[in-house]
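Enquirer:
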Amino acid sequence: MEPDVLHQYCMQKLGTEACFPFDQSTLVFKVFGKMFALVDIDSFDGINLKCDPEKAIDLRERYAAIRPGFHMNHKHWNTIDFHSDVADSLIFELIDHSYQLVYKGLPKKIRDENPLR
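Using the working numbering, you'd call the opening residue of the sequence shown number 26 and step up by one each time.
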């Protein structure tokens, strides 16, 4: 995974913004103000993504590079190591999954005003 590819992929999603709310190295991607992905731009060694709890357990059992979310709620977040046994295509799928989970949790008014295509 390359930083510019990750950035471009996340930013093309409806309602996405990128910011640094915690420090100057933790890039956070938000959908209408709610986090769906975090990555350390200095080390760029992995990404934190929201995940359905049952799916999170399954992924952790299948991949050595997917573990409970670092500094996150371990039930709902995974950390996925880049350059590991997880293909970039799966990382993109997991970004989509995280985005969709967060989007579905947004207030109905926001979703109605900004429907996914």
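Virtual Cβ for every residue (Gly too), placed ideally from N, Cα, C.
#1: Tell me the rounded alpha-carbon separation between H18 and L119.
#2: Compute the Euclidean distance between the alpha carbons of F57 and L141, then round it to the nearest angstrom.
#3: Drop a sphere of 10 angstroms on the beta-carbon of H108, count the other beta-carbons inside from all chains shown, and report buried for 16 or more, exposed for fewer.
#4: So A81 is in the alpha helix (DSSP H); what residue range does that whole segment cover?
#5: In or out: V30 buried (at least 16 other Cβ within 10 Å) or exposed?
Expert: Taking the coordinates as given:
#1: No answer is possible for residue 18: it lies beyond the span of the chain, which begins at 26 and ends at 142.
#2: 12 Å
#3: exposed
#4: 78-87
#5: exposed
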